[in-house]
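Numbering (UniProt numbering), first residue to last: 1 to 519. C-beta: ideal position from N, C-alpha, C; glycine also. Take a look at the structure below.
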Amino acid sequence: MRALLPHTQATWPLHDIAASRELEKAALQQRPAHQLIEQAGAAVARLAMALVPHGRSAVVLAGPGNNGGDALIAARWLAARGWRLQVYRFGPEPAAGSDAAHALRAAVDAGLEIRRGLPTVDGHPSPGSSAASGSGLIAGAPPAPIDLWIDGLLGLGAHRAPEGDIAAAIRLANRHPAPTLAIDLPSGLHADTGQTCGADTIRADHTLSLLTLKPGLVTGEGRAYAGRLWFDDLGVTPSPATAHWVGLDALTEWHQQHPRGATSHKGRQGDVVVLGGAPGMRGAAWLAATAALTAGAGRVYAALPDDDGQPWPARPELMHWPAQRWRQPQAWRDAVVVCGCGGDTGILPWLDAVLHEARHLVVDADGLNLVADDEALRKRLAARRSHGLQTMLTPHPLEAARLLGLAGAAAIQSDRLAAAKALAERFDCTVVLKGSGTVIASPGHLPDINSSGSPALATAGTGDVLAGWAGGLWAQAPDAEAHTVARTAVLWHGAAAQDHAGPLRAADLIEAMGALRRA
Ligand SMILES: NC(=O)C1=CN([C@@H]2O[C@H](COP(=O)(O)OP(=O)(O)OC[C@H]3O[C@@H](n4cnc5c(N)ncnc54)[C@H](O)[C@@H]3O)[C@@H](O)[C@H]2O)[C@@H](O)CC1
Ligand SMILES: [K+]
């Protein structure tokens, strides 16, 4: 069993529901009946004992399927070690011969009292409970101390909004101060998308993912609901992944593969041109350009529409593009162009040339919106790869929705992996779909989900920093695939913010990212 969050070093394979089911099926065929679920339940009990070493009492919530089976097996183990348990079972009787039926029978045979209805907390069932008879109440019983909630209501099989007693039990666990250990998934969270199935979802302190790690735990709302993540593969050799969860080791790999030698010369570190920074929004271009410089690009130019020629304070290293260069399409060719970054509509006159010429192009923010609004530019973007030109798009969910012609961010968030893949296919390029658990997708690649980052990044300008940083890395490694550059930049960006308490200003983020290289 491994602890994976808050900081994961290694990169982990992720398996969606279909792949997890396939793997489970294959493993079940190779093992004696019920061995796998016995192992899963024992792993849950071991983690429970490790999490609350002095704990002695738990509420165990067991749902109708095998997730509930895991919970009942864990309860058996804990009872055998002297824990006082309130075990509640929800839903219909399990099918005869199923793993869940085995777990139930074994629990009953072991003498566990298994109740229906809702748990007794402070002597009362949950307000709003739909339990017809309050059958879970022990009349007049004193409030039982609770050290831990074990959530085995729903796992991989959750496909609709929890209702009735299951929803009420979720609310009860969420309101109670004792920590909750979710089995496989916080009940009510969708394993593929990281979205909640309805209004009630377990907000776990710990989640033990079993057999496979599910993408829904690490993107979308998953990270907010899963708490600290643990993983036990139950000794089963994994099948090919459907995505990867990228750990900090990938940064070390990048540094090993792209050392900055002692003889580095600025002319060999590549050029970046930031096209953006309309009047009133110069800061966005400044952030992207400064990030590119700090990432190590040799020369960084700012191409500002309506450039007034004033030097920028505090960053004399940045150069302005002389006006005559704007008219030479080939001038865009050899630098990495980072386009968007507060450019507003002022960058529109140059977009077609940039899309046509730039060998390496990062499109962010205003650049994305302008492309989304113009069919000719969309076509130009989609054709770039066939002309040997590489592109990275860095949309947040709303920008991604506009590019796909969808109504709003919710349409993207409902399945972030699928949306990122669809965008990558549509425009034949690398897509960085920002948000909790940033997704990096490219045609012909398994998608990656970033593991680093924190809410500290939710401040103005951090997106400009990411785009600029990606441009700065790419300038130094022009032969690197857009996907690798994107994955590295996103990981670095999040890693620098990871341990920061409170909001991180974008300019400070650049410094923190620079310090991470030197560390
Ligand atoms: N069989 C085995 O050997 C193993 C099973 N595992 C466990 O098995 C789980 C998957 O088991 P299942 O496929 O039985 O799925 P679940 O236990 O997640 O639940 C499926 C059942 O819940 C119902 N359901 C779905 N949404 C509901 C809702 N909102 N309200 C009420 N009922 C709802 C379904 O109709 C179905 O009857 C995994 O998450 C994992 O915990 C793992 O431990 C690995 C080993
Ligand atoms: K669960």
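Proximity test, residue i beta-carbon vs ligand 3 heavy atom, cut-off 7 Å
| i | result |
| --- | --- |
| residue 446 | Absence of ligand 3 from the depicted structure is noted, with ligand 1 and ligand 2 being the only ligands included. |
Opening and closing residue of the alpha helix (DSSP H) in which residue i lies
| i | result |
| --- | --- |
| residue 476 | 462 to 476 |
| residue 484 | 482 to 497 |
With 16 other Cβ atoms within 10 Å as the buried cut-off, status of residue i
| i | result |
| --- | --- |
| residue 180 | buried |
| residue 159 | exposed |
| residue 113 | exposed |
| residue 469 | buried |
| residue 520 | Beyond the ends of the chain as shown, which are 1 and 519, falls residue 520; an answer cannot be given. |
| residue 187 | buried |
| residue 386 | exposed |
| residue 402 | buried |
| residue 458 | exposed |
| residue 2 | exposed |
| residue 483 | buried |
| residue 375 | exposed |
| residue 324 | exposed |
| residue 407 | exposed |
| residue 345 | exposed |
| residue 193 | buried |
| residue 102 | buried |
| residue 129 | Caution is warranted here: a pLDDT of 39 is assigned to residue 129, below 50, making its placement in the model unreliable, and the coordinate value is therefore given only provisionally. So residue 129 ends up on the buried side. |
| residue 96 | exposed |
| residue 417 | buried |
Residue closest to residue i, alpha-carbon to alpha-carbon, out of the options
| i | options | result |
| --- | --- | --- |
| residue 269 | 234, 471 and 114 | 471 |
| residue 146 | 442, 177 and 100 | 177 |
| residue 9 | 248, 298 and 422 | 248 |
| residue 74 | 358, 481 and 148 | 148 |
| residue 332 | 361, 309 and 505 | 361 |
| residue 257 | 481, 500, 330 and 15 | 481 |
| residue 349 | 334, 359, 329 and 335 | 329 |
| residue 165 | 115, 406 and 189 | 115 |
| residue 488 | 69, 438 and 205 | 438 |
| residue 390 | 338, 161 and 304 | 338 |
| residue 347 | 377, 304, 384 and 327 | 304 |
| residue 199 | 376, 152, 161 and 370 | 161 |
| residue 271 | 287, 292 and 251 | 292 |
| residue 288 | 280, 298 and 276 | 276 |
| residue 244 | 46, 77 and 212 | 212 |
| residue 109 | 84, 252, 479 and 77 | 77 |
| residue 430 | 419, 443, 436 and 182 | 443 |
| residue 490 | 201, 463 and 354 | 463 |
| residue 400 | 388, 370 and 383 | 370 |
| residue 449 | 411, 433 and 460 | 433 |
| residue 383 | 424, 233 and 285 | 424 |
| residue 86 | 121, 504, 273 and 219 | 121 |
| residue 16 | 398, 253 and 241 | 241 |
| residue 54 | 190, 366, 34 and 82 | 82 |
| residue 91 | 62, 496 and 513 | 62 |
| residue 298 | 322, 309 and 318 | 318 |
| residue 426 | 435, 414, 413 and 441 | 441 |
| residue 23 | 156, 50 and 88 | 156 |
| residue 435 | 31, 453, 12 and 445 | 453 |
| residue 285 | 250, 150, 171 and 273 | 273 |
| residue 306 | 281, 315, 411 and 394 | 281 |
| residue 172 | 38, 189 and 202 | 202 |
| residue 37 | 4, 51, 50 and 106 | 106 |
| residue 496 | 46, 35, 475 and 451 | 451 |
| residue 341 | 363, 322 and 357 | 363 |
Where the beta strand (DSSP E) through residue i begins and ends
| i | result |
| --- | --- |
| residue 151 | 148 to 152 |
| residue 359 | Taken as a continuous stretch (DSSP letters only), residue 359 belongs to no beta strand (DSSP E), as it is neither H nor E. |
| residue 256 | Element bounds for residue 256: not the beta strand (DSSP E) but the alpha helix (DSSP H), 249 to 257. |
| residue 202 | Residue 202 -> no beta strand (DSSP E), and no H or E assigned at all. |
| residue 23 | Not the beta strand (DSSP E): residue 23 falls in the alpha helix (DSSP H), residues 17 to 30. |
| residue 448 | 448 to 450 |
| residue 440 | 439 to 441 |
| residue 347 | Where residue 347 is concerned, there is no enclosing beta strand (DSSP E), given that its DSSP letter is neither H nor E. |
| residue 156 | Note, residue 156: premise wrong, no beta strand (DSSP E); not H, not E. |
| residue 430 | 430 to 433 |
| residue 243 | 243 to 246 |
| residue 14 | 12 to 14 |
Neighbour flag for residue i against chain C, beta carbons, 8 Å
| i | result |
| --- | --- |
| residue 25 | Here chain C cannot be found, since the structure has a single protein chain. |
Original post:
Residues with a Cβ closer than 7 Å to any heavy atom of ligand 2, in chain order?
Top reply: 67, 151, 152, 153, 154, 155, 182, 183, 184, 185, 186, 187 and 202
Subject >> Complete runs of the alpha helix (DSSP H) confined to the segment 275 to 345 [at least 4 residues] >> reply: 282 to 295
Original post:
At which residue ranges does the segment 33 to 114 contain complete alpha helix (DSSP H) runs of 4 or more residues, listed in the order of the chain?
Top reply: 35 to 51, 66 to 80 and 99 to 109
Subject >> Continuous beta strand (DSSP E) assignments of at least 3 residues falling wholly in the segment 368 to 423 >> reply: 390 to 393
**OP:** Could I get the ranges of all uninterrupted alpha helix (DSSP H) runs contained in the segment 164 to 240, with 4 residues as the minimum, in chain order?
**Re:** 164 to 175 and 222 to 226
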